[in-house]
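Novice: Numbering (UniProt numbering), first residue to last: 1 to 109. Ideal placement from N, C-alpha and C gives every residue a C-beta, glycine not left out. Below is the structure I would like to discuss, written out as C-alpha coordinates.
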Amino acid sequence: MEVKAKARFVRVSPRKARLVIDQIRGKKVNDANNILKFSPKGAAEDIKKVLDSAVANARENFQLTNIDEMVVTEAYVDQGPTMKRFMPRAMGRAYEIKKRTSHITIVLG
(Lines of atoms letter the chains of each structure in order from A and count residues from 1; the text may use other names and numbers.)
(Lines give C-alpha, C1' and ligand atoms only; values in the text may rest on other atoms or scores of the structure.)
Protein backbone atom coordinates (compact mmCIF):
# COMPACT_ATOMS: atom_id res chain seq x y z
CA MET A 1 0.00 0.00 0.00
CA GLU A 2 1.43 3.35 -1.05
CA VAL A 3 0.39 6.58 0.59
CA LYS A 4 1.26 9.89 -1.05
CA ALA A 5 1.40 13.50 0.10
CA LYS A 6 2.31 16.60 -1.91
CA ALA A 7 3.03 20.23 -1.15
CA ARG A 8 2.98 22.48 -4.16
CA PHE A 9 4.33 25.99 -4.66
CA VAL A 10 6.48 25.89 -1.51
CA ARG A 11 8.67 28.99 -1.30
CA VAL A 12 12.01 27.23 -1.05
CA SER A 13 14.60 26.62 -3.72
CA PRO A 14 14.45 23.06 -5.13
CA ARG A 15 18.21 22.72 -4.86
CA LYS A 16 18.15 23.46 -1.13
CA ALA A 17 15.15 21.21 -0.53
CA ARG A 18 16.82 18.29 -2.33
CA LEU A 19 19.70 18.39 0.15
CA VAL A 20 17.25 17.62 2.94
CA ILE A 21 15.01 15.19 1.06
CA ASP A 22 18.00 13.03 0.10
CA GLN A 23 18.65 12.38 3.80
CA ILE A 24 15.22 10.82 4.49
CA ARG A 25 14.73 8.71 1.36
CA GLY A 26 14.61 5.01 2.30
CA LYS A 27 14.35 5.63 6.04
CA LYS A 28 11.57 4.53 8.40
CA VAL A 29 9.01 7.20 9.31
CA ASN A 30 10.29 7.66 12.87
CA ASP A 31 13.90 7.98 11.71
CA ALA A 32 12.94 10.45 8.98
CA ASN A 33 10.91 12.47 11.48
CA ASN A 34 13.89 12.71 13.85
CA ILE A 35 16.25 13.71 11.05
CA LEU A 36 13.90 16.51 9.99
CA LYS A 37 13.23 17.63 13.55
CA PHE A 38 16.92 18.25 14.29
CA SER A 39 18.03 19.43 10.84
CA PRO A 40 19.39 22.99 10.75
CA LYS A 41 18.13 23.53 7.20
CA GLY A 42 15.13 25.80 6.67
CA ALA A 43 13.52 23.46 4.14
CA ALA A 44 13.30 20.70 6.77
CA GLU A 45 10.25 22.35 8.35
CA ASP A 46 8.27 22.27 5.10
CA ILE A 47 9.35 18.70 4.35
CA LYS A 48 8.36 17.62 7.88
CA LYS A 49 4.87 19.00 7.26
CA VAL A 50 4.58 16.90 4.09
CA LEU A 51 5.80 13.79 5.94
CA ASP A 52 3.27 14.38 8.72
CA SER A 53 0.57 14.81 6.07
CA ALA A 54 1.50 11.48 4.47
CA VAL A 55 1.31 9.77 7.88
CA ALA A 56 -2.10 11.36 8.49
CA ASN A 57 -3.27 10.19 5.06
CA ALA A 58 -2.22 6.65 5.89
CA ARG A 59 -4.00 6.76 9.23
CA GLU A 60 -7.24 8.48 8.16
CA ASN A 61 -7.79 7.52 4.52
CA PHE A 62 -6.41 3.98 4.50
CA GLN A 63 -6.91 3.02 8.20
CA LEU A 64 -3.31 1.82 8.53
CA THR A 65 -2.17 1.33 12.11
CA ASN A 66 1.42 0.10 11.60
CA ILE A 67 2.84 3.56 10.89
CA ASP A 68 6.13 2.71 12.65
CA GLU A 69 6.90 0.05 10.03
CA MET A 70 6.27 2.35 7.05
CA VAL A 71 9.24 3.48 4.97
CA VAL A 72 9.75 6.59 2.84
CA THR A 73 9.88 4.75 -0.50
CA GLU A 74 9.92 7.84 -2.71
CA ALA A 75 10.79 11.42 -1.87
CA TYR A 76 11.53 14.02 -4.50
CA VAL A 77 11.42 17.73 -5.16
CA ASP A 78 10.38 19.19 -8.50
CA GLN A 79 10.83 22.77 -9.58
CA GLY A 80 7.77 24.99 -9.50
CA PRO A 81 7.23 28.32 -11.22
CA THR A 82 9.79 31.04 -10.64
CA MET A 83 8.64 34.48 -9.54
CA LYS A 84 10.67 37.23 -11.14
CA ARG A 85 11.25 40.45 -9.23
CA PHE A 86 13.46 43.43 -9.99
CA MET A 87 15.78 45.32 -7.67
CA PRO A 88 17.00 48.81 -8.59
CA ARG A 89 20.76 49.09 -8.99
CA ALA A 90 23.24 51.89 -9.64
CA MET A 91 23.01 54.24 -12.63
CA GLY A 92 19.38 53.41 -13.43
CA ARG A 93 19.88 49.71 -14.02
CA ALA A 94 17.66 46.90 -12.75
CA TYR A 95 18.74 43.53 -11.40
CA GLU A 96 16.49 40.49 -11.73
CA ILE A 97 15.82 38.41 -8.61
CA LYS A 98 14.44 34.91 -9.11
CA LYS A 99 12.28 33.62 -6.26
CA ARG A 100 12.10 29.89 -6.86
CA THR A 101 9.34 27.53 -5.73
CA SER A 102 9.20 23.76 -5.25
CA HIS A 103 6.74 20.89 -5.44
CA ILE A 104 7.58 18.39 -2.66
CA THR A 105 6.29 14.80 -2.92
CA ILE A 106 6.66 12.02 -0.35
CA VAL A 107 5.42 8.43 -0.84
CA LEU A 108 5.24 5.99 2.06
CA GLY A 109 5.19 2.23 1.55
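Where do the ends of the alpha helix (DSSP H) carrying LYS16 lie?
Specialist: Residue 16 sits at position 16 when you count from the first residue of the sequence shown. Segment 14 to 24, the alpha helix (DSSP H) holding LYS16.
Novice: Suppose the cutoff is 6 Å on Cβ atoms and the five residues either side in sequence are ignored; what does the same chain contact list for ILE49 look like?
Specialist: On the sequence shown, position 49 is the one that residue 49 refers to. The amino acid at residue 49 is misidentified as Ile; the sequence shows Lys. Nothing meets the Cβ criterion.
Novice: Based on the DSSP output, what are the partners of PRO88 in its beta bridges?
Specialist: Numbered from its first residue, the sequence shown carries residue 88 at position 88. Paired residues: ALA94.
Novice: Measure from the alpha carbon of ILE97 to the alpha carbon of each residue in SER53, GLU45 and THR82, then state which is nearest.
Specialist: Sequence index remark: in the sequence shown, residue 97 carries index 97 (1-based). With distances taken between Cα atoms, ILE97 lies closest to THR82.
Novice: Classify ASP22 as buried or exposed, calling it buried when 16 or more other Cβ atoms lie within 10 Å of its own Cβ.
Specialist: As a first step, residue 22 must be located in the sequence shown, where it is residue number 22. Exposed, since its Cβ has fewer than 16 Cβ neighbours within 10 Å.
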